[in-house]
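Q:
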Amino acid sequence: MSLLGGTHLSAHEIAMLELEGLPATPQGVRIRAEREGWRWIERSGRGGGRAYAVADLPETARRDYNDRWANATPVARRGRPKGSDYWSANPDVADAVEALIAERPLSAAVILKALKCRFASARLPSRRSLSRYIARLEAEKPAVLASFRDPDEYRSKYRVAIGRADASVTRAHQVWEIDTTKADVLVREGRRSILGIIDVYSRRARFLVVPSESAQSVRRMLVTTIQAWAVMPEVLKTDHGSGFINQSISSALPLLGIEHQPCPPGSPEKKPHIERLFGTFTRDRAELLAGYIGHSVAEAQRLRARAKSITGRAVVVPEMSEIELQAVLDAWVDGEYHQRVHGTIGVAPVARFFTPGHTPAAAPDEGRLKLALSALIGTAIVGKRGVQWKRERYWASELAAWVGRPVTLRRDEDDLGAIFVFDEDGRYIATAVNAARSGLSEEAFAASAKRHQATWMTEQRAAIRAKQRKFSIEDARGEILRHDAEQAGKLAYLPTRAEPRSTPLLDTPVSDTSRLPSADAVQKAERLLTQPKRGAVASIEQRIAETDRVLADLAAGRPVDPEALAAARLFASSSEYRADKILRGEFTARGPRAQHLPQLKESRL
C-alpha cells in the first residue's frame with residue numbers, strides 16, 4: 008500500500024518515508040511530534056496508535072512529501088523507491104557523490120554538507136539514504152575507487168597480473184634492478200635507507216645501508232656490486248629518484264656500456280623484483296630485529312603502544328648500529344636468501360647465477376670503474392693554467408694540448424685534489440691535480456666546513472638571544488591574545504528570537520538582583536575602603552556610622568550612590584562591623600538581651 012496521498016501518517020510510516028529534515032526512526036518522529044505539537048488522530052485497525060496530520064509536518068518535510076505525491080513515486084516498505092530510485096532520477100547528485108568518495112572515503116554527513124552547498128535548490132536525500140548509496144558504490148566499484156585513493160593498493164590487490172615480469176629475461180646480468188627504501192629498523196645513528204640491487208634472471212642480490220638516496224651512494228653501490236660479482240649488466244632499471252636520474256649516473260652508465268632504463272614515475276610494478284626483495288627481508292628478518300618500527304602507520308602505532316606498556320614511553324628505542332644492520336643484511340642475503348629455493352624460478356639464486364650459458368661483460372679494473380662512475384662536475388674550457396673548479400686551478404701536463412678547447416670534468420668524492428678530464432666523446436684525457444687540496448677527502452672537507460659553521464652559529468645565536476631579551480615570544484603571545492580579545496569584544500551578535508520557558512523553578516519569583524552592585528562598583532568600593540580621602544583618616548567609628556547611614560537610606564527608599572552602597576555592604580560583612588554590633592547589642596540598656604545581661608553576669612559570679 009502506498010504511503011503517499013493520505014492526510015495522516017503514523018510515526019512508523021513517516022520514518023519509512025525518510026522525509027527531509029525528519030528523523031528516520033519512529034521514536035525520533037514521536038519526540039519531534041510531541042515537541043512541536045502535531046495534531047493527531049487515533050489509528051483504526053491492527054496496532055492502533057496515533058496518526059499525525061501531514062499538514063502539521065515541517066515545511067521542508069511537507070514539501071518533500073507533496074513532491075513525491077505529485078511525481079507519483081511509489082515507495083517501498085523500507086522507505087526506498089521502487090523502480091527508478093532517487094539516484095537514477097538525480098544523476099548530477101549521484102555523480103557528485105561518486106566523485107567525492109573517489110578522492111577519499113568521506114562520511115555521509117560531510118558529503119551531505121557539500122551537496123547542500125552545491126545543489127542548494129535541489130531536493131537532497133537523507134543521510135541514511137546517502138550512507139546506503141555510498142556503501143553500494145564501495146561494494147560495486149572497489150577496484151576503480153582504490154585506483155584513485157591508493158594506487159599501490161590497486162596495483163597489489165586489484166590490477167590484473169597475467170604472465171611474468173621476467174618473461175623476456177633469458178640470461179644472468181641481462182637486467183639489474185636497483186632501488187632504495189627507508190629502513191624499517193631504527194639504528195643508533197638514526198633512520199637509514201637501504202639500497203638494494205638484484206639480478207632479475209638469477210635473483211642474486213646485494214644490500215647497502217646508506218644515510219639517504221644520493222648519487223654518491225648509488226655510484227658506490229654500483230662500484231662495489233660490479234667488483235663483487237666481477238660482471239656488468241646489460242640494462243640497469245631504476246625509478247625516477249634523484250639518486251638515479253642525475254647527470255652523474257646518466258652520463259656514467261654509457262661510459263661502461265650499460266643501458267639505463269628509468270621506469271615511468273609512480274610505476275613500481277615496472278621493477279617488481281627489487282620491490283619484492285625488500286618485502287621478503289622485512290618479513291624474514293626486519294620484524295625480528297630490535298628497533299623495528301613497522302612497515303605501515305597502523306603497525307607503527309601498535310609497536311609504539313607496546314613500547315609504552317613496557318618502558319612507559321611510546322618510542323621504539325634502537326639497539327643496533329648502522330654497521331650491525333649492514334652485517335645482518337649481508338648475512339641474510341648470502342646465508343639464507345641465496346641458498347634456499349626461490350618460489351618463482353624454482354632453484355636457489357646462487358645456483359642459477361653460475362649456470363653456464365651466455366658470457367656476460369667482465370668488470371673493468373677498479374681504477375677504470377671508479378673513473379667511469381665518478382661524479383659529473385660539468386664542462387669547462389681549458390685555460391693556460393688548467394681547468395677551474397670551486398675557484399681553484401687543476402693542472403696536468405696532458406692539458407697543454409687542450410688549451411682553449413672544451414672538456415668534461417668528473418671527480419672522486421674521496422679526493423678533492425683530483426679532477427678527471429674527458430673529451431667530448433667520453434675518452435679519458437688526464438687527471439688534473441690541485442696541490443693544495445690533494446689528499447683531502449670530501450668527508451674531511453665537510454667536517455671542516457661544519458666546524459666553521461658551528462662557530463658562526465654560536466655567534467649568531469648569541470646575537471639573537473640578546474634580541475630576545477628585548478622582545479620575547481611570551482611578549483608576542485600576550486600581545487596576540489590581547490588583540491584577539493579586543494577583536495572579539497568588537498563582534499556584536501543579533502539577539503536570537505526565543506520564547507520564555509515555563510517550569511516550576513523559572514516561574515518562582517526570586518529577590519530582585521538588579522540593585523546588586525556591579526563588579527566595577529565592588530572594585531571601586533574596595534578602593535574607597537582602602538584609600539580614604541586625602542587629609543583625613545577614617546576611624547572605625549566613622550566607617551560604621553557611614554555604613555549605617557547608607558543602609559538606612561537604602562531601607563527608607565532614598566537614593567544611594569552605587570559606589571557608596573557597595574562600600575557599605577562590603578564593610579557590613581567585615582569582622583569589625585559585626586563585632587561592633589554585637590558589643591553594642593550586649594551593653595545597650597534596652598532590648599531583650601540587655602534585660603537579662605545583669606542576671607547572667609551575677610549567675611556567673
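Note that our numbering gives residue 87 to position 80 of the sequence shown, counting from 1, and the numbers run on in steps of one.
Cβ coordinates follow ideal geometry from the N, Cα and C atoms, glycine included.
Quantities reported herein were computed from a predicted structural model and do not represent experimental measurements.
(1) Which value, in whole angstroms, describes the spacing of the CA atoms of serine 258 and glycine 433?
(2) Where does arginine 85 sit, in a helix, a strand or coil, going by DSSP?
(3) Should leucine 310 and valine 323 be called a contact, given that it needs their Cβ atoms to be closer than 7 angstroms?
(4) In chain order, what are the residue ranges of uninterrupted beta strand (DSSP E) at least 3 long that sit wholly in the region 263–297?
(5) For glycine 44, count neighbouring Cβ atoms within 10 angstroms of its own Cβ and tell me buried if that reaches 16, exposed if not.
(6) Any idea what DSSP makes of alanine 212, helix, strand or coil?
(7) Quick one: what does DSSP say aspartate 560 is sitting in, helix, strand or coil?
(8) Helix, strand or coil: how does DSSP classify leucine 26 here?
(9) From the DSSP output, read off the bridge partner residues of threonine 231.
(10) Just checking my contact of leucine 284 with isoleucine 205 at CB under 8 angstroms: how many whole Å lie between their CB atoms?
(11) Since glycine 411 and valine 428 are thought to touch, with beta carbons under 8 angstroms apart, how far apart are those beta carbons, to the nearest angstrom?
(12) Ordered along the chain, which non-local residues of its own chain (more than five positions away) have a Cβ less than 8 angstroms from that of glutamate 27?
(13) Mapping the DSSP letters down to three states, classify glycine 411 as helix, strand or coil.
(14) Cβ of alanine 146 within 6 angstroms of any heavy atom in the ligand COA?
(15) Evaluate the contact criterion for the region 221–233 versus the region 346–365: three or more CB pairs, one atom per stretch, below 8 angstroms.
(16) Counting only the same chain and skipping the five closest in sequence on each side, list residues whose C-beta sits under 6 angstroms from that of arginine 84.
(17) CA-CA distance, alanine 179 and serine 138?
(18) Kindly indicate which three-state DSSP category valine 192 falls into: helix, strand or coil?
(19) Quick check: the Cα distance between alanine 408 and methionine 464, rounded to an integer number of angstroms?
(20) Within the region 392–446, note down every full beta strand (DSSP E) run reaching 3 residues or more, in order along the chain.
(21) Rounded to whole angstroms, how far is the Cβ of histidine 280 from the Cβ of arginine 210, which I believe are closer than 8 angstroms?
(22) Can we say the region 389–407 touches the region 366–377, given the rule of at least three CB pairs closer than 8 angstroms?
(23) Rank Pro569, Ile141, Leu193, Ala586 by C-alpha distance to the C-alpha of leucine 326 and give the top, closest one.
(24) Three-state secondary structure (DSSP) at isoleucine 48?
(25) Could you check what DSSP says for arginine 600 in three-state terms: helix, strand or coil?
(26) Can you name the residues that DSSP bridges to lysine 244?
(27) So, with DSSP's three-state summary, where would you put glycine 250?
(28) State the start and end residues of the unbroken alpha helix (DSSP H) segment that holds threonine 318.
(29) For serine 17, which residues does DSSP report across the bridge?
(30) As a quick exercise: from Phe578, Tyr93, Arg135, pick the residue whose alpha carbon is nearest that of alanine 31.
(31) Got a sec, what are the start and stop residues for the beta strand (DSSP E) aspartate 206 sits in?
(32) Under a three-way DSSP split, which group does leucine 383 fall into?
(33) Could you check whether glutamate 241 and glutamine 181 sit closer than 7 angstroms to each other, using their CB atoms as the reference points?
(34) Is valine 216 closer than 7 angstroms to arginine 199 when the C-beta atoms are compared?
(35) Can you name, in chain order, every residue of its own chain whose Cβ lies under 6 angstroms from the Cβ of arginine 37, other than the five neighbours on each side?
(36) Going by Cα to Cα distance, which pick from Ile547, Ala573, Glu548, Ser546 is closest to leucine 558?
A: According to the structure shown:
(1) In the sequence shown, counting from the first residue as 1, residue 258 sits at position 251. In the sequence shown, counting from the first residue as 1, residue 433 sits at position 426. Serine 258 and glycine 433: Cα-Cα distance of roughly 9 angstroms.
(2) Walking along the sequence shown from the start, residue 85 turns up at place 78. In this prediction, arginine 85 scores a pLDDT of 41, lower than 50, which makes its location untrustworthy; the coordinate-derived value is nonetheless stated afterwards. Three-state result, arginine 85: coil.
(3) The sequence position of residue 310 within the sequence shown is 303, counting from 1. The sequence position of residue 323 within the sequence shown is 316, counting from 1. Yes, Cβ-Cβ distance for leucine 310 and valine 323 is below 7 angstroms.
(4) 266–269
(5) By 1-based counting over the sequence shown, the position of residue 44 is 37. So glycine 44 ends up on the exposed side.
(6) Locating residue 212 in the sequence shown gives position 205, where the first residue counts as 1. In the structure shown, alanine 212 sits in a strand (DSSP, three-state: E or B).
(7) Looking up residue 560 in the sequence shown gives position 553. Three-state result, aspartate 560: helix.
(8) Residue 26 sits at position 19 when you count from the first residue of the sequence shown. Three-state DSSP puts leucine 26 in coil, outside helix and strand.
(9) Working through the sequence shown from its first residue, we reach residue 231 at position 224. Its beta-bridge partners do not exist; DSSP assigns none.
(10) Here the question's residue 284 lines up with position 277 in the sequence shown. Here the question's residue 205 lines up with position 198 in the sequence shown. Right, their Cβ atoms sit about 5 angstroms apart.
(11) Within the sequence shown, the letter at position 404 stands for residue 411. Within the sequence shown, the letter at position 421 stands for residue 428. Between valine 428 and glycine 411 the Cβ distance is about 14 angstroms, and since that is not below 8 angstroms, they are no contact.
(12) Position 20 of the sequence shown, counted from the start, is the residue given in the question as residue 27. The residues are Thr67, Ala68, Arg70, Asp71, Arg130, Leu131, Ser133.
(13) Working through the sequence shown from its first residue, we reach residue 411 at position 404. Of the three classes helix, strand and coil, the one that applies to glycine 411 here is coil, per DSSP.
(14) Ligands in the displayed structure: none, and consequently the ligand COA is not present.
(15) no
(16) Working through the sequence shown from its first residue, we reach residue 84 at position 77. Note that arginine 84 scores a pLDDT of 39, beneath 50, so its modelled location is shaky; the value from the coordinates is reported in the next line. Closer than 6 angstroms at the Cβ level, and outside the excluded window around arginine 84, lies no residue.
(17) Position 172 of the sequence shown, counted from the first residue, corresponds to residue 179. Position 131 of the sequence shown, counted from the first residue, corresponds to residue 138. Approximately 55 angstroms between the Cα atoms of the pair.
(18) For the purposes of this step, residue 192 is taken as the residue at position 185 of the sequence shown. Strand at valine 192.
(19) As a working note, residue 408 is residue 401 in the sequence shown. As a working note, residue 464 is residue 457 in the sequence shown. For alanine 408 and methionine 464, the distance between alpha carbons rounds to 47 angstroms.
(20) 394–396, 399–401, 413–419, 422–429, 435–440
(21) Walking along the sequence shown from the start, residue 280 turns up at place 273. Walking along the sequence shown from the start, residue 210 turns up at place 203. Between arginine 210 and histidine 280 the Cβ distance is about 7 angstroms, and since that is below 8 angstroms, they are a contact.
(22) no
(23) Taking the sequence shown and counting its residues from 1, the one referred to as residue 326 is at position 319. Per the sequence presented here, residue 326 reads as glutamate, with leucine not at that position. Per the Cα distances, Leu193.
(24) In the sequence shown, residue 48 corresponds to position 41, counting from 1. Strand, per DSSP.
(25) One-based indexing of the sequence shown puts residue 600 at position 593. Any answer about arginine 600 is weak, because its pLDDT of 41 lies below 50 and its placement is not dependable; what the coordinates show is given next. Reduced to three states, the DSSP call for arginine 600 is helix.
(26) The residue labelled residue 244 in the question sits at position 237 within the sequence shown. BP columns for lysine 244 point to Glu184, Gln268.
(27) On the sequence shown, position 243 is the one that residue 250 refers to. Note: glycine 250 maps to coil in three-state DSSP.
(28) For this step, residue 318 is matched to residue 311 along the sequence shown. Threonine 318 -> alpha helix (DSSP H) spans 304–318.
(29) On the sequence shown, position 10 is the one that residue 17 refers to. Ala58.
(30) Within the sequence shown, the letter at position 24 stands for residue 31. Taking only the C-alpha atoms, the option nearest alanine 31 is Arg135.
(31) Your numbering for residue 206 matches position 199 in the sequence shown. Counting along the chain, the beta strand (DSSP E) containing aspartate 206 begins and ends at 200–206.
(32) For the purposes of this step, residue 383 is identified with residue 376 of the sequence shown, where counting begins at 1. In this structure, leucine 383 counts as strand in the three-state DSSP scheme.
(33) Residue 181 sits at position 174 when you count from the first residue of the sequence shown. Residue 241 sits at position 234 when you count from the first residue of the sequence shown. Result yes, Cβ atoms of glutamine 181 and glutamate 241 sit closer than 7 angstroms.
(34) Here residue 199 refers to the residue found at position 192 when the sequence shown is read from its first residue. Here residue 216 refers to the residue found at position 209 when the sequence shown is read from its first residue. Closer than 7 angstroms, so yes.
(35) Here residue 37 refers to the residue found at position 30 of the sequence shown. Counting only Cβ-Cβ distances below 6 angstroms, and skipping sequence neighbours, we find Ala18.
(36) Here residue 558 is taken as the residue at index 551 of the sequence shown, counted from 1. Ranking Ile547, Ala573, Glu548, Ser546 by Cα distance to leucine 558 puts Ala573 first.
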